[in-house]
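Note sheet for the following structure.
2 protein chains.
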Amino acid sequence: MDQDAKKTLLRMIPYGLYILGAGSGDTATGATVNWVTQTAFAPPLVVMGVKADSGAHALLKSTGQWALSMLKSGQKDMAYAFFKSTVPEGDTLGGYPFAPAQNGCPTFPDSAGYVAGKVLQVLELGDHSIVVGEVTEATLHDAAEPLTLKEIGANYGG
Amino acid sequence: MDQDAKKTLLRMIPYGLYILGAGSGDTATGATVNWVTQTAFAPPLVVMGVKADSGAHALLKSTGQWALSMLKSGQKDMAYAFFKSTVPEGDTLGGYPFAPAQNGCPTFPDSAGYVAGKVLQVLELGDHSIVVGEVTEATLHDAAEPLTLKEIGANYGG
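Chain order of the listed sequences is A and B.
End of the first sequence = 193 in my numbering, gap-free, step of one.
End of the second sequence = 193 in my numbering, gap-free, step of one.
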């Protein structure tokens with residue numbers, strides 16, 4: 036396979052940036068992800084690519100619940116805050132206030148809003164797993180243009 | 036669930052536009068898709084949301100092979116040409132020249148290039164299925180900015 040062609044072509048896929056919330060209470064964590072797509076209208080499904088050795092991955096599997104907070108254009112610092120492992124400090128995660136979704140997973144009032152729900156499947160097929168989530172709740176804080184990988188000048192893919 | 040919030044938030048996810056090629060020879064078809072994400076580096080995996088009652092879906096399942104041609108900025112007409120069902124007419128599909136990938140699936144020399152490979156799984160969980168593909172070939176025609184749903188002023192999601 037032409038590795039350079041693969042990298043160039045896969046990096047053409049545009050991505051937003053999201054904070055994936057997993058766990059709850061003292062175990063809550065947030066992790067920045069970009070490999071996200073909707074995959075069905077009925078039921079409303081999303082697929083997320085989640086690093087297999089991450090804390091969020093372990094919590095998604097054990098709790099069967101997830102939340103995805105959508106970052107807004109301009110929130111580069113917030114995206115970077117969750118590239119590293121985060122644990123709750125009082126009412127904050129990664130330095131940002133968080134609040135539980137109905138399913139307990141951490142969400143971020145500073146974001147545009149969040150969708151959340153049950154984990155239907157976790158396909159452990161590589162260095163990142165394919166997490167299939169059904170959207171059962173949605174809360175809008177502030178409709179906005181999305182933060183994108185392009186805006187922050189980064190690549191994650193290829 | 037707040038349906039308006041769900042729609043607004045899911046429509047924040049940015050999408051490119053791609054022609055999914057399936058089948059080969061006389062059965063070749065192309066279908067425009069936008070629900071695409073990479074989900075792993077090793078092995079290189081992509082997930083595509085594919086309409087469950089489409090011709091491409093049936094061919095993906097029966098052949099176990101797929102190709103994804105990446106559209107370039109400015110190729111709105113080409114995206115629209117594959118919103119409807121297409122069958123080969125001589126050397127063209129949907130009015131555009133096509134050529135087989137190594138796995139036989141149709142690809143489009145007018146696109147930026149294509150990635151292609153085997154179907155690892157088809158999760159039939161809704162009105163669109165989750166198709167997991169392993170990338171085993173990649174051919175670059177013309178590195179370019181991607182065509183996006185935003186550029187063509189359309190939404191498909193929510």
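For glycine and all other residues, C-beta sits at the position ideal for the given N, C-alpha and C.
For H163 (chain A), write down the residues that DSSP places opposite it in a beta bridge. DSSP, once it has assigned bridges, lists A:K86 as partnering H163 (chain A).
Exposure label - P141 (chain A); buried when at least 16 CB within 10 Å: By the neighbour-count criterion, in which 16 or more other beta carbons inside 10 Å mark a residue as buried, P141 (chain A) falls on the buried side.
Are the C-beta atoms of P49 (chain B) and some chain A residue less than 9 angstroms apart? yes
Shorter than 9 angstroms from the beta carbon of M113 (chain B) to some beta carbon of chain A? no
Just to check my reading of the structure: A178 (chain B) and T43 (chain A) have Cβ atoms closer than 8 angstroms, yes? What is that Cβ distance to the nearest angstrom? 5 angstroms
On the criterion of 16 or more Cβ atoms from any shown chain inside 10 Å, does P132 (chain B) qualify as buried, or is it exposed? With fewer than 16 other Cβ atoms within 10 Å, it is exposed.
Taking all protein chains shown into account, decide if E169 (chain B) is buried (16 or more other Cβ within 10 angstroms of its Cβ) or exposed. Buried, since its Cβ has 16 or more Cβ neighbours within 10 Å.
Helix, strand or coil for E186 (chain A) per DSSP? helix
If I48 (chain A) sits next to V71 (chain B), beta carbons under 8 angstroms apart, how far is it from one beta carbon to the other, in whole angstroms? 6 angstroms
Check whether chain B comes within 9 angstroms of I187 (chain A), counting only Cβ atoms and requiring the distance to be less than that. No - not a single Cβ of chain B is within 9 angstroms of the one on I187 (chain A).
If you count every other CB in all the chains shown that lies within 10 Å of the CB of N69 (chain A), and 16 or more means buried, which is it? buried
L128 (chain B) versus A116 (chain A): straight-line alpha-carbon distance, rounded: 47 angstroms
Are any of the Cβ atoms in chain A nearer than 9 angstroms to that of L45 (chain B)? yes
Identify the contact partners of D37 (chain A) in chain B, using a Cβ-Cβ distance below 9 angstroms as the criterion. E172, A173, T174, L175
Using CA coordinates, which residue listed in A:A57, A:D61, A:T62, A:H163 is at the minimum distance from S197 (chain A)? With chain A covering only 36 through 193, there is no way to say anything about residue 197 (chain A).
In the DSSP assignment, find the unbroken beta strand (DSSP E) run with Q73 (chain B) in it and report its ends. 71-75
Sequence-distant residues of the same chain with beta carbon closer than 7 angstroms to Q100 (chain A), five excluded per side: N138, G139, C140, K153, V154
Kindly say whether L158 (chain B), judged by its beta-carbon, lies nearer than 9 angstroms to any beta-carbon of chain D. Among the chains of the structure shown, chain D does not appear; the protein chains present are A and B.
Contact list for W70 (chain A) against chain B, beta-carbon separation under 9 angstroms: T72, Q73, T74, A75, V82
With a cut-off of 8 angstroms on the beta carbons, I'd call F143 (chain B) and I54 (chain B) a contact; round off their distance for me. 6 angstroms
Please confirm whether K41 (chain A) has its beta-carbon closer than 9 angstroms to some beta-carbon of chain B. K41 (chain A) counts as touching chain B.
Quick one, are the C-beta atoms of H176 (chain A) and A136 (chain A) less than 9 angstroms apart? no
Kindly indicate which three-state DSSP category S59 (chain A) falls into: helix, strand or coil? coil
Determine the direct distance from the alpha carbon of G51 (chain A) to that of E124 (chain A), and round the result to whole angstroms. Whole-angstrom Cα-Cα distance: 27 angstroms.
Can you grab the Cα-Cα spacing for the pair T74 (chain B) / A87 (chain A), in whole Å? 11 angstroms
What number of angstroms, rounded off, separates the C-alpha of E163 (chain B) from the C-alpha of A189 (chain B)? Rather than Glu, the amino acid found at residue 163 (chain B) in this sequence is His. So the two alpha carbons sit approximately 19 angstroms from each other.
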